[in-house]
Amino acid sequence: MLSKAIRLMLIDDDEEDFVLTRDLLDDIADVDFELEWLPDADRAVDAICGARHDLYLVDYGLGSRDGLSVIRDAVARGAAAPMILLTGLDERAIDLDAMRAGAADFLEKWRLNSTLLERSIRYSLQERRHAEELERRVQERTAELARANEALRAVDRRKNEYLSTLAHELRNPLVPIRNALEIMRLDSERPSGNPGVVENCRSMIERQVKHIVRLIDDLMVVARISRGLIQLKLESVPVDRLVATASENVRPFIAKARHELEVTLPEEPPVLRADAERMSQVLYNLLHNAAKYTRAGGHISLDVGRDEGGVIFRVIDDGPGIPEDMLEAVFDIFTQVKREGDGEVASGLGVGLWLVKRLVELHGGRVAARPGPSGRGSEFVVWIPSAPPPGPPTTPPDRAHGAGFARESGIRVQEPIISGKS
Numbered sequence: 003m004l005s006k007a008i009r010l011m012l013i014d015d016d017e018e019d020f021v022l023t024r025d026l027l028d029d030i031a032d033v034d035f036e037l038e039w040l041p042d043a044d045r046a047v048d049a050i051c052g053a054r055h056d057l058y059l060v061d062y063g064l065g066s067r068d069g070l071s072v073i074r075d076a077v078a079r080g081a082a083a084p085m086i087l088l089t090g091l092d093e094r095a096i097d098l099d100a101m102r103a104g105a106a107d108f109l110e111k112w113r114l115n116s117t118l119l120e121r122s123i124r125y126s127l128q129e130r131r132h133a134e135e136l137e138r139r140v141q142e143r144t145a146e147l148a149r150a151n152e153a154l155r156a157v158d159r160r161k162n163e164y165l166s167t168l169a170h171e172l173r174n175p176l177v178p179i180r181n182a183l184e185i186m187r188l189d190s191e192r193p194s195g196n197p198g199v200v201e202n203c204r205s206m207i208e209r210q211v212k213h214i215v216r217l218i219d220d221l222m223v224v225a226r227i228s229r230g231l232i233q234l235k236l237e238s239v240p241v242d243r244l245v246a247t248a249s250e251n252v253r254p255f256i257a258k259a260r261h262e263l264e265v266t267l268p269e270e271p272p273v274l275r276a277d278a279e280r281m282s283q284v285l286y287n288l289l290h291n292a293a294k295y296t297r298a299g300g301h302i303s304l305d306v307g308r309d310e311g312g313v314i315f316r317v318i319d320d321g322p323g324i325p326e327d328m329l330e331a332v333f334d335i336f337t338q339v340k341r342e343g344d345g346e347v348a349s350g351l352g353v354g355l356w357l358v359k360r361l362v363e364l365h366g367g368r369v370a371a372r373p374g375p376s377g378r379g380s381e382f383v384v385w386i387p388s389a390p391p392p393g394p395p396t397t398p399p400d401r402a403h404g405a406g407f408a409r410e411s412g413i414r415v416q417e418p419i420i421s422g423k424s
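So for the sequence shown, the numbering used here puts the first residue at 3; every next one is plus one.
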């Protein structure tokens with residue numbers, strides 16, 4: 003049944019037809035029709051395009067023009083409301099012309115009754131609602147496709163930038179390796195070689211090779227995660243072991259930039275059910291990212307505590323910080339962030355933080371970036387669900403070593419602060 007208060011307009015130059023149509027509408031039960039009559043054919047198109055009615059009944063013979071031309075002109079001007087053509091002629095040609103012109107239906111006056119009129123109005127309105135719903139869905143889908151295309155274009159741009167960066171990052175360590183090999187060749191041609199020169203060259207080559215290996219390892223992990231091939235080797239891991247491994251690996255970058263790294267652990271470090279290698283990589287990537295974006299002589303802290311049934315890691319630096327509109331985008335693959343203040347982009351492939359987010363999520367955790375607590379720098383917060391320790395807490399040998407290299411690398415292991423850390 004039609005809903006109530008259906009607004010109709012009859013476009014017909016014959017008042018008798020208006021009276022007959024009104025009577026037919028009055029015979030339709032449970033539906034209220036508001037019928038307006040327009041006898042002026044010259045105003046018909048403007049009235050239809052005004053869209054003040056739900057449906058228009060258009061007579062075929064309008065004196066100065068025919069109803070088909072009215073419907074055609076209204077459709078050409080974008081009229082959306084359904085229009086039903088009424089005619090006293092029983093001609094199939096008019097029926098077909100009405101359909102081609104855009105009419106919702108075609109009714110012969112001499113056959114018209116309240117049942118037929120109600121059905122035609124109901125079907126026409128329902129068809130219009132279906133058309134509007136379809137159009138809405140098409141527009142939504144078109145908008146979704148436009149957004150998807152833009153996202154693909156953005157990924158393509160980042161991919162091209164990434165390939166350029168990759169070539170640059172791989173070439174950079176090859177230059178000093180080539181120079182070191184040339185120095186070693188020249189030294190070998192001397193009557194008495196200099197062992198110190200050879201050792202320096204060997205150390206430099208080793209550092210650069212490690213850098214290349216780490217780049218390739220990151221790319222391999224990206225590929226495996228993207229293809230859903232990575233599997234976590236879960237075990238009960240003391241958090242201080244993860245921290246010591248990550249701190250040891252990041253030591254060369256901390257020392258080179260003369261940063262100070264402060265590590266704060268609970269008195270009894272918690273135990274995680276985690277993949278030790280992957281979680282160490284998460285912490286390393288965060289610390290390396292902080293070291294890369296913090297100016298020389300900066301301060302970086304790694305704070306570990308218990309929170310919400312899990313373990314929370316906070317990596318805080320006093321660098322330039324991340325622009326507000328990039329706090330979520332920093333985790334997108336191939337994304338490089340310009341530092342606030344100087345607008346420079348640090349070197350790298352732009353996959354480190356993407357790996358952090360994916361590896362954290364694989365552990366059932368979450369990660370977020372936000373401005374540093376002092377208003378300067380950045381803070382990265384990682385939460386990982388914890389697991390009960392299988393036995394008494396253990397202190398791995400790495401922890402003592404972590405304090406041992408503090409003097410040469412600028413890393414300070416802070417004594418546990420009991421309040422707020424347990």
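All residues carry an ideal CB built from backbone N, CA and C; glycine is no exception.
#### Entry: DSSP state of leucine 267 mapped onto helix, strand, coil
coil
### Task
Taking arginine 180 as the reference, give the member of Ser194, Glu208 and Pro193 with the closest Cα.
Glu208
### Task
May I ask you to report which of helix, strand or coil DSSP gives serine 228?
helix
### Message
Considering only DSSP beta bridges, list what methionine 11 is partnered with.
### Response
Glu38 and Tyr58
### Query
Over what stretch of residues does the beta strand (DSSP E) that includes aspartate 305 continue unbroken?
301-309
### Proximity winner among Val215, Arg216, Pro178 and Arg192, relative to arginine 204 (alpha-carbon distances)
Pro178
### Query
Residue range of the beta strand (DSSP E) that glycine 312 falls in?
312-319
### Of the residues Glu163, Ile96 and Ala81, the one placed nearest phenylalanine 130, counting alpha carbons only
Going by the sequence as given, residue 130 is arginine instead of phenylalanine. Looking at the Cα atoms, Ala81 is the closest of the given residues.
### Query
Just how far apart, CA to CA, sit asparagine 251 and asparagine 196?
30 Å
### Query
Can you give the beta carbon distance from leucine 361 to glutamine 233, rounded, assuming they're within the 8 Å contact cut?
Not quite, the Cβ-Cβ distance comes to about 12 Å (not below 8 Å), so this is no contact.
### Beta-carbon proximity check, glutamine 47 vs arginine 79, cutoff 8 Å
Residue identity check: residue 47 is valine in the sequence provided, not glutamine. In this structure, arginine 79 lies closer than 8 Å to valine 47 by Cβ.
### Task
Quick one: grab the DSSP three-state call for aspartate 68.
strand
### Task
Measure from the alpha carbon of leucine 231 to the alpha carbon of each residue in Val223, Ser238 and Glu237, then state which is nearest.
Val223
### Query
Near glycine 2, which residues of its chain fall below 6 Å by C-beta distance, leaving aside the five closest residues on each side in sequence?
Look at the range of the chain in this structure, 3 to 424, and you will see that residue 2 is not part of it.
### Task
Inspect the CB distances between the stretch 232-249 and the stretch 329-338 and report whether three or more fall short of 8 Å.
no
### Query
Considering tryptophan 112, what are the terminal residues of the alpha helix (DSSP H) in which it resides?
Note, tryptophan 112: premise wrong, no alpha helix (DSSP H); not H, not E.
### Task
Helix, strand or coil for threonine 167, going by three-state DSSP, please let me know.
helix
### Query
With DSSP run on the structure shown, which of helix, strand or coil describes valine 369?
strand
### Opposing strand residues paired with serine 238 [DSSP bridges]
Arg275
### Message
Using CA atoms only, rank isn't needed, just tell me which of Ala53, Leu40, Val273 and Leu236 is closest to aspartate 60.
### Response
Sequence inspection shows valine at residue 60; the aspartate mentioned does not correspond to that position. It is Leu40.
### Rounded straight-line distance, which links the Cα of arginine 9 to that of alanine 2
This structure gives no information on residue 2, because the portion of the chain shown stretches from 3 to 424.
### Task
Provide the residue(s) that pair with valine 383 in DSSP beta bridges, ordered along the chain.
Arg316 and Ala370
### Query
Quick check: the stretch 300-318 against the stretch 249-269, are there 3 or more CB pairs under 8 Å?
yes
### Task
May I ask you to list the residues that DSSP assigns as paired with leucine 217?
In the DSSP output, where bridge partners are listed per residue, leucine 217 has none listed.
### Query
Whose C-alpha, out of Leu136, Asp107 and Ile96, is nearest the C-alpha of proline 84?
Asp107
### Message
Between the alpha carbons of aspartate 277 and glycine 366, how many angstroms are there, rounded?
### Response
12 Å
### Query
How would you write the range of the beta strand (DSSP E) that methionine 85 sits in, first residue to last?
85-89
### Query
What separation, rounded to the nearest whole angstrom, lies between the Cα atoms of proline 395 and leucine 274?
Low local confidence applies: a pLDDT of 36 at proline 395 is under 50, so the model's placement there is unreliable, with the coordinate-based value given in what follows. For proline 395 and leucine 274, the distance between alpha carbons rounds to 12 Å.
### Query
Would threonine 427 pass as a contact of tyrosine 62 if the rule is Cβ separation under 8 Å?
Coverage of the chain is limited to positions 3 through 424, which leaves residue 427 absent and any answer about it impossible.
### Message
Using the three-state DSSP reduction, which class does glycine 104 fall into: helix, strand or coil?
### Response
coil
#### Entry: Bridge-paired residues (DSSP) for glutamate 262
His301
### Message
Quick check on the burial criterion: 16 or more other C-beta atoms within 10 angstroms. Buried or exposed for lysine 426?
### Response
Past the edges of the chain, shown from 3 to 424, lies residue 426, and the structure says nothing about it.
### Query
Going by other Cβ atoms of all chains shown within 10 Å of its Cβ, with 16 needed for buried, is alanine 292 buried or exposed?
buried
### Query
From serine 376 to histidine 290, what distance separates their C-alpha atoms?
21 Å
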